[in-house]
Ligand code: FE
Ligand code: FE
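Below, the structure is given as structure tokens:
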């Protein structure tokens, strides 16, 4: 890791961290959309993939605004959340409703992580008087907050369905063992 000795360098370091995280998420989100059997959840992942691609372009614009080449610095935070998912799926063999519930939790953890990161970046950009950066980073922050909200409402609906025993409502029809009997 390069030396970080000033608030400006810390800002760039944290940008590189998020640049890594967002790029990693563009690979994870299509997989999550596949895994989800709940239609609304699957669509939420696909929609957020599109937003994530835009977030990466916003980060690139912030780098350019600072006269920096966009560069990713490995982010163990996001890798940890991803590993937690991978281990769970592999070890538990969860499927259907239970897997969907797990995925909403993993998504909420990810969004909280991103919200914390972007909140810090927006504050730093503001302190450094980087107006363009403030706007671009705020756009990303807004999208993460919106995504968290929709994931939370999907999660609430799922828990309600589970307690009512109506596990087939809103479920994507798919061939194989995941389809519940009607
Ligand atoms: Fe993001
Ligand atoms: Fe996100």
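Residue numbers (my numbering): 96 to 277.
Each residue gets a CB set at the ideal place from its N, CA and C atoms; glycine is no exception.
Inter-residue Cα distance where the pair is residue 103 and residue 117: Along the chain shown, one-based indexing puts residue 103 at 8. Along the chain shown, one-based indexing puts residue 117 at 22. Distance between the alpha carbons of residue 103 and residue 117 is about 21 Å.
Proximity winner among 182, 144 and 130, relative to residue 195 (alpha-carbon distances): As a working note, residue 195 is residue 100 in the chain shown. The candidate whose alpha carbon is nearest that of residue 195 is 130.
The region 205 to 220 touching the region 238 to 251, judged by at least three CB pairs closer than 8 Å: By the C-beta criterion, the region 205 to 220 is judged to be in contact with the region 238 to 251, since at least 3 inter-stretch pairs fall below 8 Å.
Buried versus exposed, by CB contacts within 10 Å (16 or more), residue 166: Along the chain shown, read from residue 1 onward, the residue named residue 166 stands at position 71. The residue is exposed, with fewer than 16 neighbouring Cβ atoms inside 10 Å.
Candidates 160, 97, 127 and 230: closest to residue 203 by CA position: Taking the first residue of the chain shown as position 1, residue 203 is located at position 108. When each option's Cα is compared against that of residue 203, the closest is 127.
Contained alpha helix (DSSP H) runs [length at least 4] in the region 112 to 194, N- to C-terminal order: 134 to 160 and 171 to 187
Buried/exposed call for residue 111, threshold 16 Cβ in 10 Å: Counted from its first residue, the chain shown places residue 111 at position 16. Residue 111 is buried by the Cβ-count criterion.
Pair within 7 Å by beta-carbon distance, residue 150 and residue 235: The sequence position of residue 150 within the chain shown is 55, counting from 1. The sequence position of residue 235 within the chain shown is 140, counting from 1. With respect to the 7 Å criterion, residue 150 and residue 235 are classified as neighbours on the basis of their beta carbons.
For residue 237, the three-state DSSP class (helix, strand or coil): The residue labelled residue 237 in the question sits at position 142 within the chain shown. Note: residue 237 maps to helix in three-state DSSP.
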